[in-house]
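K.L.:
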Amino acid sequence: MIFIDGECPICLTTKLHLNTSDLLECPKCNLMIALCGPTATVMQERGNGKFRFEDQPIHSLGIALAPSKDGSTWRQGNLFRDLNGLKNYIEKCIPVVKRKNENIDEYHLWFEFIKYFSVCIRKCSDEQLCQAWSNSTNRTKFYTEHLLPQVANDMNLEISKEKFKVDFVMGKEDPSEHVIPKIYIESENVFNSAGQEIEKLCSLNSPLRILITVDEWPNDPTKKFSKLREWQSIVKAHKKQNKQNFSGTIGILIGAFESDILKFHALAFWPDGDLRDPEHVIFKKEL
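Residues 126 to 412 (the numbering used here) make up the sequence shown, in order.
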């Protein structure tokens, strides 16, 4: 039998989220699962990557998986006995549907970035993290001198600071020795005014643009969601005006330090402003 504890059975490390169709969906591969008591039905179509800010990853334990009956949420036949059986079902019954105007490389670049961000920050000592979060100046210095250079190195990218008046630029050198930007990063320590950085990032052209900011209301998510919707509207407005000329993933990392616990949350938008990667914790440590 295959049992899951809230993670995608294919991607393994990615948590399933409730999507706008009220089905569980993997943000990475878009596999959809309908939860039915102690078992779950693997749907015969993939999701479209649409999520809500309020929905969190599922944390249920020991859910068994079964095939879908005629594409419905009803289970058909026996449970999947092994991963090969599940993979064969997916290959046969669930086509990979590419979203219109989607560049999948942009989205994979986002997952690669947050993976290395999480890996690099886990290597930092408690002393380094406490010093970084003692004030906004030290936090910016931590990003500038330690964390982001290491992330760029692990991704085999060159990093520049304050290039084009952008805080950080990660790029790839081409045969002509020009370093072409792949990732633009803005760091803003005041969450409430970070909309200016979102506007700047939307005005740039690269596969991935990222805002790193700080949660000012860790105990009141409604205020955070309100601000995220405001930023989402900025992305939507840029897409509406610039149409096919506006592309790339807009990612957001939100740090929060509360009750001696440091967390980083991550989420990302499609170019049209839809929530592509719903908010999830990529780093958590008690200091």
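Every residue, glycine too, gets a C-beta built ideally from N, C-alpha and C. Small disclaimer: the values here were computed from a predicted structure and weren't measured.
Identify the continuous alpha helix (DSSP H) that holds T347 and give its terminal residues.
P.N.:
Stepping through the sequence shown from its first residue, residue 347 is reached at position 222. It spans 346-367 - the alpha helix (DSSP H) in which T347 sits, taken as one unbroken run.
K.L.:
Which stretch, first to last residue, makes up the alpha helix (DSSP H) that contains Y214?
P.N.:
The residue labelled residue 214 in the question sits at position 89 within the sequence shown. That run of the alpha helix (DSSP H) goes 208-218.
K.L.:
How close, in whole Å, do the beta carbons of P134 and L190 come, if the pair is a contact with beta carbons under 8 Å?
P.N.:
Against the sequence shown, residue 134 aligns to sequence position 9. Against the sequence shown, residue 190 aligns to sequence position 65. The Cβ separation is near 6 Å, so the contact holds.
K.L.:
So, under 8 Å CB-CB, F316 and K352 are touching, yes? Tell me the CB distance rounded to an integer number of Å.
P.N.:
Within the sequence shown, numbered from 1, the residue matching residue 316 stands at position 191. Within the sequence shown, numbered from 1, the residue matching residue 352 stands at position 227. Right, their Cβ atoms sit about 7 Å apart.
K.L.:
Kindly identify the DSSP beta-bridge partner or partners of C161.
P.N.:
Here the question's residue 161 lines up with position 36 in the sequence shown. Answer by DSSP bridge pairing, in chain order: T164.
K.L.:
Would you identify the three-state DSSP class for G174, choosing helix, strand or coil?
P.N.:
Here residue 174 refers to the residue found at position 49 of the sequence shown. Coil, per DSSP.
K.L.:
Can you look up T320 in the DSSP assignment and give me helix, strand or coil?
P.N.:
Against the sequence shown, residue 320 aligns to sequence position 195. Note that residue 320 corresponds to Gly in the displayed sequence, not to Thr. Helix, per DSSP.
K.L.:
In angstroms, rounded to a whole number, what distance separates the CA positions of N263 and E270?
P.N.:
In the sequence shown, the residue the question calls residue 263 occupies position 138. In the sequence shown, the residue the question calls residue 270 occupies position 145. N263 and E270: Cα-Cα distance of roughly 10 Å.
K.L.:
Can you have a look at I386 and say buried or exposed, based on whether 16 or more other CB atoms are within 10 angstroms of its CB?
P.N.:
Along the sequence shown, read from residue 1 onward, the residue named residue 386 stands at position 261. Its Cβ having fewer than 16 others within 10 Å, I386 is exposed.
K.L.:
How close, in whole Å, do the beta carbons of P403 and P152 come, if the pair is a contact with beta carbons under 8 Å?
P.N.:
Counting from one through the sequence shown, the residue named residue 403 turns up at place 278. Counting from one through the sequence shown, the residue named residue 152 turns up at place 27. With 8 Å as the limit, P403 and P152 qualify as a contact, their Cβ atoms being about 6 Å apart.
K.L.:
As a quick exercise: from Q366, H142, N370, K349, pick the residue whose alpha carbon is nearest that of I377.
P.N.:
As a position in the sequence shown, residue 377 is number 252, starting the count at 1. Measuring from the Cα of I377, the nearest candidate turns out to be K349.
K.L.:
Buried or exposed, going by whether 16 or more other CB atoms sit within 10 Å of the CB of D296?
P.N.:
Counting from one through the sequence shown, the residue named residue 296 turns up at place 171. For the record, residue 296 in the displayed sequence is Gly; it is not Asp. G296 is buried by the Cβ-count criterion.
K.L.:
Taking 8 Å as the cut-off, is the beta-carbon of F371 closer than that to any non-hydrogen atom of the ligand COA?
P.N.:
This structure simply doesn't include the ligand COA, nor any ligand for that matter.
K.L.:
Can you round the beta-carbon distance between Q169 and C218 to whole angstroms, since I take them to be within the 8 Å contact cut?
P.N.:
Within the sequence shown, residue 169 is the residue found at index 44, counting from 1. Within the sequence shown, residue 218 is the residue found at index 93, counting from 1. The Cβ separation is near 5 Å, so the contact holds.
K.L.:
Taking C-beta to C-beta, are F408 and S259 nearer than 9 Å?
P.N.:
As a first step, residue 408 is located in the sequence shown; it is residue number 283 there, counting from the start. As a first step, residue 259 is located in the sequence shown; it is residue number 134 there, counting from the start. Cβ atoms of F408 and S259: not closer than 9 Å.
K.L.:
Taking the beta strand (DSSP E) that S312 falls in, what are its first and last residues?
P.N.:
Indexing the sequence shown from 1 puts residue 312 at position 187. Here the beta strand (DSSP E) through S312 covers 304-313.
K.L.:
Measure how close the beta-carbons of R399 and K175 come, nearest whole angstrom, since I'm counting them as under 8 Å.
P.N.:
In the sequence shown, counting from the first residue as 1, residue 399 sits at position 274. In the sequence shown, counting from the first residue as 1, residue 175 sits at position 50. The sequence shown places Asp at residue 399, rather than the Arg named in the question. About 5 Å separates the two Cβ atoms, so the contact holds.
K.L.:
In terms of residue numbering, what span does the alpha helix (DSSP H) encompassing K266 cover?
P.N.:
For the purposes of this step, residue 266 is identified with residue 141 of the sequence shown, where counting begins at 1. Segment 261-267, the alpha helix (DSSP H) holding K266.
K.L.:
Am I right that L336 and I323 are in contact with their C-beta atoms under 8 Å? What's the rounded C-beta distance?
P.N.:
Within the sequence shown, the letter at position 211 stands for residue 336. Within the sequence shown, the letter at position 198 stands for residue 323. Between I323 and L336 the Cβ distance is about 6 Å, and since that is below 8 Å, they are a contact.
K.L.:
Are the C-beta of L148 and some C-beta of chain E separated by less than 9 Å?
P.N.:
Of the protein chains in this structure there is only one, and it is not chain E.
K.L.:
For I246, which residues from the same chain have a beta carbon less than 8 Å from its beta carbon, with the 5 sequence-adjacent residues on both sides left out?
P.N.:
In the sequence shown, residue 246 corresponds to position 121, counting from 1. Cβ neighbours of I246 beyond the five flanking positions: L254, L272, F389, F408.
K.L.:
With a threshold of 16 other CB atoms inside 10 Å of the CB of W199, please say whether the residue is buried or exposed.
P.N.:
As a first step, residue 199 must be located in the sequence shown, where it is residue number 74. It is exposed - the Cβ of W199 has fewer than 16 other Cβ atoms within 10 Å.
K.L.:
Can you find the residues in the same chain that come closer than 6 Å, C-beta to C-beta, to D299, ignoring five residues on each side of it along the sequence?
P.N.:
Within the sequence shown, the letter at position 174 stands for residue 299. The answer, listed in chain order, is I305.
K.L.:
Does the Cβ-Cβ distance between V167 and L208 come in under 9 Å?
P.N.:
In the sequence shown, residue 167 corresponds to position 42, counting from 1. In the sequence shown, residue 208 corresponds to position 83, counting from 1. Taking 9 Å as the Cβ cut-off, V167 and L208 do not qualify as a contacting pair.
K.L.:
What did DSSP end up calling E179 once you bin it into helix, strand or coil?
P.N.:
By 1-based counting over the sequence shown, the position of residue 179 is 54. E179 falls in the coil class under three-state DSSP.
K.L.:
Are there 16 or more other CB atoms within 10 angstroms of the CB of T347, so buried, or fewer, so exposed?
P.N.:
Residue numbering aside, residue 347 sits at position 222 when the sequence shown is read from its first letter. So T347 counts as exposed.
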